[in-house]
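Everything on this sheet refers to the single structure shown next.
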Amino acid sequence: MTAMVQTDPQADVPAPAVVPPVEDAPAPRRPSLSPSRAADFKTCPLLYRFRTIDRLPERKSLAAVRGTLVHSVLERLYDLPPAQRTPEGALELLEPAWTDLREEPGIAELFETADDAGAETDVNAPESVEAWLASAGKLVEKYFTLEDPRRLQPEAREELVEVTLPDGLLLRGYVDRLDVAPNGALRVVDYKTGSMPREAFEGKALFQMKFYALVLWRTRGVVAAQLKLLYLGDGDALTYAPDEQELIRFERTLLAIWSAIERAVETGEFKANKTRLCGWCDHQALCPAWGGTPPPFPAEAAAAAGWRTTLPVTPV
């Protein structure tokens, strides 16, 4: 199967293939696997440990906060009556969304000013707050070149989807938007504020979408007719149509990733993997690949969170 770029938001969606859903297993809840955490482990097991087991703090970035802001605007857009879902209407949502977002911890500090001219003190944030908000507005406007929201009525937005597989693995994640056609066909939509990746990196981009498709198939018994990534950075769309056999194989991949994670937790051994992405990592000072020393594995915290570990745990 191949992915294709498509800018027609009203492409025909075929009727769904229906299979019996897998009932939630009665096994006790365990630590869950999400698309982002699975991607972390694939990229660098030590990064997974720092984020999931140690829960080390990380700096917020202006790019990530801008993505959150744009997602919030596009979510609120569908609260408006269809006739008001215009670029102008969307831009009017920008300020109230930003007012709510800036109250979250760590965000206002990104925009602390050093002088009356409004220059940001963060060396990685050369723009003014106004220029930063304007850049978010351009991404919102770009959305309207990809879809006409007046013709759409999503079933769900920012929807938590989760399922416990028969072996007890809990899969969970948040879907940006879920569309359901009159014939029951599902379309999973995700907004990206960057540009569409080169063909060699499409598989990584679709990993998250296949994850959602698998959870929806296991909970609804319907294979999503279309997975759609909307890239607001350059106004392109990536669409993909999975099938049942592919989702079965993908489930095996997730189970293999989870088994590797469990083995790492049991032993406390998380390998550092040095890649080009290390330049964006907040934990280089603790990474052996960069001459650092990780803190002792937090066996007590891992056990308290439900992980199995062979490492000694100090009784509380």
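With UniProt numbering, the residue at position 12 of the sequence shown is 12, and numbering never jumps. Quick reminder that beta carbons are idealized off the backbone N, C-alpha and C, glycines included.
Proximity below 7 Å, CB of residue i to CB of residue j
i           : j           : result
residue 159 : residue 180 : no
residue 163 : residue 253 : no
residue 223 : residue 171 : no
residue 299 : residue 310 : no
residue 139 : residue 247 : no
residue 235 : residue 142 : yes
residue 73  : residue 101 : no
residue 271 : residue 45  : yes
residue 78  : residue 154 : yes
residue 213 : residue 227 : yes
residue 31  : residue 208 : no
residue 257 : residue 38  : yes
residue 177 : residue 157 : yes
residue 144 : residue 87  : yes
Coarse secondary structure for residue i, derived from DSSP in three states
i           : result
residue 208 : helix
residue 269 : coil
residue 274 : coil
residue 47  : helix
residue 301 : helix
residue 52  : helix
residue 185 : coil
residue 171 : strand
residue 158 : strand
residue 165 : coil
residue 151 : helix
residue 308 : coil
residue 178 : strand
residue 190 : strand
residue 33  : strand
residue 128 : coil
residue 144 : coil
residue 288 : helix
Nearest-angstrom Cβ-Cβ length linking residue i and residue j, presumed shorter than 8 Å
i           : j           : result
residue 230 : residue 189 : 7 Å
residue 70  : residue 193 : 5 Å
residue 273 : residue 52  : Going by Cβ atoms, the distance from residue 273 to residue 52 rounds to 16 Å, so no, they are not a contact pair.
residue 60  : residue 133 : So it is not a contact: roughly 16 Å between Cβ atoms.
residue 186 : residue 225 : 6 Å
residue 283 : residue 50  : 5 Å
residue 288 : residue 296 : That belief does not hold up - the Cβ atoms of residue 288 and residue 296 are roughly 14 Å apart, past 8 Å.
residue 265 : residue 205 : Contact doesn't hold; Cβ gap of about 28 Å is too wide.
Residue-level contact to chain C via CB, residue i, 7 Å cutoff
i           : result
residue 104 : Any reference to chain C falls outside this structure, which holds one protein chain only.
Residue i classed as buried or exposed, judged by whether at least 16 other C-beta atoms fall within 10 angstroms
i           : result
residue 277 : exposed
residue 173 : buried
residue 112 : exposed
Can you list, in chain order, the stretches of the beta strand (DSSP E) that have 3 or more residues and sit fully within the segment 201-262? 226-231 and 236-240
Mind pulling the beta strand (DSSP E) runs of 3 or more residues that sit fully within the segment 55-110? none
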